[in-house]
Amino acid sequence: MRAYIIGNVAIDETIAVSELPVIGASILGNAGGSDLGGKGTNQAVVMARCGVPTTLAAPVGRDARADTIRHYLADEPLRSELIEMENASSDVSIIFRLPGGENAIVTTTESAQSLSLSHVRRILSTAGRGDFIMLQGNLSDQTTRDILEHAREIGMITAFNPSPVRSFFSDLWGLIDIAFLNKGEAQALTGATGRDAAEYLLSRGLREIVLTLGGDGATLVNRHDRIEVPAQICDVVDTTGAGDTFMAAALASCALRGQRLDRLAIEHAVAAAAVTVSRHGTRKAFPTISELEAILR
1 MRAYIIGNVA IDETIAVSEL PVIGASILGN AGGSDLGGKG TNQAVVMARC
51 GVPTTLAAPV GRDARADTIR HYLADEPLRS ELIEMENASS DVSIIFRLPG
101 GENAIVTTTE SAQSLSLSHV RRILSTAGRG DFIMLQGNLS DQTTRDILEH
151 AREIGMITAF NPSPVRSFFS DLWGLIDIAF LNKGEAQALT GATGRDAAEY
201 LLSRGLREIV LTLGGDGATL VNRHDRIEVP AQICDVVDTT GAGDTFMAAA
251 LASCALRGQR LDRLAIEHAV AAAAVTVSRH GTRKAFPTIS ELEAILR
């Protein structure tokens, strides 16, 4: 089983702040470092480090930032297909990190919004029935729909993380097998929380829903079971990339064992995310190959 991640890639610039700025205010912050990021890339890096054959398809501009992205990706055990967009700049994320580890993120999507199915059709020609395709909320509505429909035609398993939340997601549920959402995303997209949110999504055709609940752990819901897994106790210093780590580790656990999502997959995901939140940064905070081998053992 292989994984294809179609999504964004960005350079993450982190600024440590004591509080978030309000309109009209200027505040002081400390440079928190630069790293490779973008939700699609985060998921691909963790999936590949888990040992799943992984392809990342992501758009970039023709600029110095793209060269930096290529340099970072060269260190990762994945197949990267960076698609140069002629009239777009490579994307960047500005991350405001609060003292407790929580963050607020602003991401540009000039490159991500320029991607279309035509750019990735060749890349997906090597995919087959039962392979995973993973998408997030950074692509345009038409491109997201087109890629999901194409993946369904191939027989791929479609996994979706609806972040950042977009209004058109409500039209996509019938094309999605598995969704990973946090509490805020679930409420914004369904108008409900917890089990009610999961039941709504099941009624829209999804096979499995994973609700990530931060310090309260995570819940897997399908038509037969509701499985709750507690969070691991750890010192949280930076939550950047935690959700991406969780999603990738859960699906990797399934792929490596040839199983559908189950309790063990969620336990593996919780353990991997606990490593990420205990460190500063994005890619630099993700579990290493050896750490993931130990978690998935």
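Residue numbering for the sequence shown follows the UniProt record's numbering, starting at 1 and increasing by one per position. The beta carbon of each residue, even a glycine, is placed where N, CA and C say it ideally should be.
(request) Return the bridge partner residues of arginine 72 from the DSSP annotation. (result) Contrary to the premise, residue 72 reads as tyrosine rather than arginine in this sequence. DSSP output for tyrosine 72 lists no bridge partner at all.
(message) Going residue by residue through the stretch 22-75, where are the continuous beta strand (DSSP E) segments of at least 3 residues, counting only ones entirely within it?
(response) 30-37 and 54-60
(request) Just the C-alpha distance for phenylalanine 160 and isoleucine 23, rounded to the nearest angstrom, thanks. (result) 33 Å
(message) Nearest by alpha-carbon distance to leucine 117: which of Asp171, Ala57, Glu102 and Arg79 is it?
(response) Ala57
(message) isoleucine 176 and leucine 148 - do their beta-carbons sit closer together than 8 Å?
(response) yes
(request) Determine the extent of the beta strand (DSSP E) in which glutamate 228 is found, giving its start and end residues. (result) 226-229
(message) Less than 7 Å between C-beta atoms, sequence neighbours within five positions excluded: which residues of the same chain meet that for alanine 44?
(response) Ile5, Thr54, Leu56 and Leu78
(request) Indicate whether leucine 189 and phenylalanine 96 have their beta-carbon atoms separated by less than 8 Å. (result) no
(request) Give me the Cβ distance between alanine 255 and phenylalanine 168, rounded to the nearest whole Å; I'm assuming they're in contact under 8 Å. (result) With a Cβ gap of about 28 Å, alanine 255 and phenylalanine 168 do not count as contacting.
(message) So the candidates are Ile15, Val9, Asn42 and Asn8; which of them puts its Cα closest to the Cα of threonine 282?
(response) Asn42
(request) Counting only the same chain and skipping the five closest in sequence on each side, list residues whose C-beta sits under 7 Å from that of asparagine 222. (result) Arg207 and Glu208
(message) To the nearest angstrom, how far is the alpha carbon of methionine 247 from that of arginine 62?
(response) 30 Å
(message) According to DSSP, is threonine 14 part of a helix, a strand, or is it coil?
(response) strand
(message) Rounded to the nearest angstrom, what separates alanine 66 and serine 34 at their Cα positions?
(response) 14 Å
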